[in-house]
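Structure first, then comments.
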């Protein structure tokens, strides 16, 4: 068992099952995921991509919009512990055309050739990802019912300051590309989070949808309708 799997199992056992199970199916309004520390001052959450699903840990970034993971073929990628996502092995994977709303949301970072939306997405601290804007089934953990088709970046050239635990970034900004915005009406355009101190042995939470009446620590955001 890897270090990240040990940490995840410990976190899952510290929170009740009812709080961990995710409810992104039609008619439900709330979903929760455990947040873990990445060992370099950031926080990660577990997602799955594709059919069959491939698990990945992604850095939570509330200041950017794009969801992306490293993808094969990978001409320039940073080391990661989990398997790199191979789009050719997913039966539900597709690239997005240039006239899609999601490609338009990339604005000047998008580049179109043969009606395939490619991108170069850069971050302030120097990290960058280059790849194809795509769509596939994205879900959390082992709950296959908690999944939906999302636009995401399939990164073939990726550089930056990432730990081996991470496979990419979960953008939670306010554009149409962000994961929270793509969930949209299913979660009331709201998410909240609790980042525990780096010195804490506890796990945090990422919550999509309306809060329960139980008080929680974290910010609340609204997104595009």
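Residue numbers (the UniProt record's numbering): 1 to 225.
Think of the CB as a built atom: it goes at the ideal place given N, C-alpha and C, for glycine as much as any other residue.
Given the structure is predicted, the values throughout are model-derived calculations rather than measurements.
For residue i, tell me which candidate among the options has the shortest Cα-Cα distance.
i, options, result
"residue 152", "136, 55, 111 and 159", "136"
"residue 83", "90, 71 and 92", "71"
"residue 87", "107, 50 and 106", "50"
"residue 46", "166, 160, 80 and 98", "166"
"residue 154", "85, 184 and 36", "85"
"residue 107", "33, 53 and 120", "120"
"residue 168", "148, 53, 204 and 127", "127"
"residue 207", "197, 198 and 191", "191"
"residue 37", "57, 48, 52 and 112", "57"
"residue 156", "33, 77, 189 and 60", "77"
"residue 67", "134, 189 and 198", "134"
"residue 32", "139, 160 and 115", "139"
"residue 164", "198, 81 and 131", "81"
I'd like the span of the alpha helix (DSSP H) that includes residue i, first residue to last.
i, result
"residue 183", "179-183"
Just curious, the beta strand (DSSP E) that residue i is in, first and last residue?
i, result
"residue 61", "54-61"
"residue 170", "168-171"
"residue 48", "43-49"
"residue 176", "No beta strand (DSSP E) holds residue 176; DSSP gives it neither H nor E."
Starting from residue i, follow its DSSP beta bridges and name the residues at the other end.
i, result
"residue 159", "128"
"residue 34", "205"
Notebook entry, point to check: Along the chain, which unbroken stretches of the alpha helix (DSSP H) at least 4 residues long are found entirely within the segment 68-133?
Noted result: The qualifying runs are 101-105.
Next item on the list: Specify whether the segment 31-45 and the segment 91-103 touch according to this definition: at least 3 beta carbon pairs, one from each stretch, less than 8 Å apart.
Entry: As far as the Cβ criterion goes, the segment 31-45 does not touch the segment 91-103, which means the pair count is below three.
Next item on the list: Would you be able to state if there are at least three C-beta pairs under 8 Å between the segment 165-181 and the segment 87-96?
Entry: Because the criterion of three Cβ pairs below 8 Å is not met, the segment 87-96 and the segment 165-181 do not touch.
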